[in-house]
Ligand code: SF4
Ligand code: SF4
């Protein structure tokens, strides 16, 4: 759960309409209209990415009059479906995915089961990826991919939705090449597989 206490506000006199803010917003809450950035207050998750990256210092974060509470509600879906989706993505349902907000894999899976089809939709509902916006994108992409979503970054954005290779997909020659340098791919994989299995058992009980 995240309590959104901040809201981005644009100073029209300083805004030059460069669209940097639009390209970095994780929930597509800020758009340039008639050469000025406009914030959708209902969508803004208060991450301050736009404020930090605006080259003209046109964005300020202000305190909201009424904070918004957001988060994936796992009680609204069949938890067995959540567990199955997490297992397909090789994640434990209770694994923390977004450390900035504290979002777990089961909350993201629940949001996807309820209809989120892009990282932006997942972020809007759960609040995940509205902190650093970097660390949690890969497991979010894995969960979306496991649910059969076809992923394309927003048009004109600077987001990159390429998925990095996981331990389960590493070619044998890569493992061989690095095994003598202190990497324990097979051992790590065994530990992860046990964790995922444990998550499946826990969800089925
Ligand atoms: S990054 Fe700043 S200057 Fe550029 S469009 Fe957004 S608010 Fe305006
Ligand atoms: S969600 Fe973040 S990047 Fe988007 S408008 Fe709000 S503060 Fe700016």
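In our numbering, the protein residues as written are 1006 to 1210. Glycine included, every Cβ here is placed at the ideal spot set by N, Cα and C. Given the structure is predicted, the values throughout are model-derived calculations rather than measurements.
Around the C-beta of residue i, are 16 or more other C-beta atoms found within 10 angstroms, so that it is buried, or is it exposed?
i            : result
residue 1010 : exposed
residue 1129 : buried
residue 1206 : exposed
residue 1008 : exposed
residue 1191 : exposed
residue 1027 : buried
residue 1018 : exposed
residue 1139 : exposed
residue 1176 : exposed
residue 1125 : buried
residue 1108 : buried
residue 1013 : buried
residue 1181 : exposed
residue 1209 : In this predicted model, residue 1209 has a pLDDT of only 46, less than 50, meaning its place in the structure is not dependable enough to derive any value.
residue 1179 : exposed
Does the Cβ of residue i lie closer than 7 Å to at least one heavy atom of ligand 1?
i            : result
residue 1022 : yes
residue 1030 : no
residue 1025 : yes
residue 1214 : Because the chain in this structure spans residues 1006 to 1210, residue 1214 falls outside the shown range and cannot be described.
residue 1105 : no
If we cut at 8 Å on Cβ distances, does residue i have a partner in chain B?
i            : result
residue 1117 : Note that chain B does not occur in the displayed structure, where there is just one protein chain.
Could you tell me whether any non-hydrogen atom of ligand 2 is closer than 7 Å to the CB of residue i?
i            : result
residue 1051 : yes
residue 1035 : yes
residue 1137 : no
residue 1133 : no
Considering only the alpha carbon of each residue, which of the options lies closest to residue i?
i            : options                   : result
residue 1072 : 1148, 1183 and 1006       : 1006
residue 1132 : 1193, 1022 and 1077       : 1077
residue 1127 : 1139, 1112 and 1137       : 1112
residue 1058 : 1080, 1167, 1188 and 1035 : 1035
residue 1015 : 1061, 1029, 1047 and 1050 : 1061
residue 1102 : 1089, 1148 and 1047       : 1148
residue 1173 : 1099, 1197, 1167 and 1204 : 1197
residue 1029 : 1045, 1039, 1055 and 1050 : 1055
residue 1020 : 1038, 1075, 1033 and 1068 : 1038
residue 1163 : 1024, 1118 and 1012       : 1024
residue 1167 : 1143, 1193 and 1161       : 1143
residue 1141 : 1120, 1105 and 1098       : 1105
residue 1075 : 1093, 1050, 1084 and 1088 : 1050
residue 1031 : 1091, 1088, 1065 and 1052 : 1052
Where do the N-terminal and C-terminal ends of the beta strand (DSSP E) with residue i fall, by residue?
i            : result
residue 1038 : 1035-1038
residue 1043 : 1041-1044
So residue i is in the alpha helix (DSSP H); what residue range does that whole segment cover?
i            : result
residue 1151 : 1142-1151
residue 1129 : 1124-1131
residue 1019 : Counting along the chain, residue 1019 falls outside any alpha helix (DSSP H), and DSSP gives it neither H nor E.
residue 1029 : 1025-1029
residue 1181 : 1177-1184
residue 1057 : 1054-1058
Kindly provide the ranges of any alpha helix (DSSP H) runs that are 4 or more residues long and lie completely inside the segment 1064-1109, ordered along the chain. For the segment 1064-1109, the continuous alpha helix (DSSP H) assignments of 4+ residues that do not extend past its boundaries occur at 1084-1093, in sequence order.
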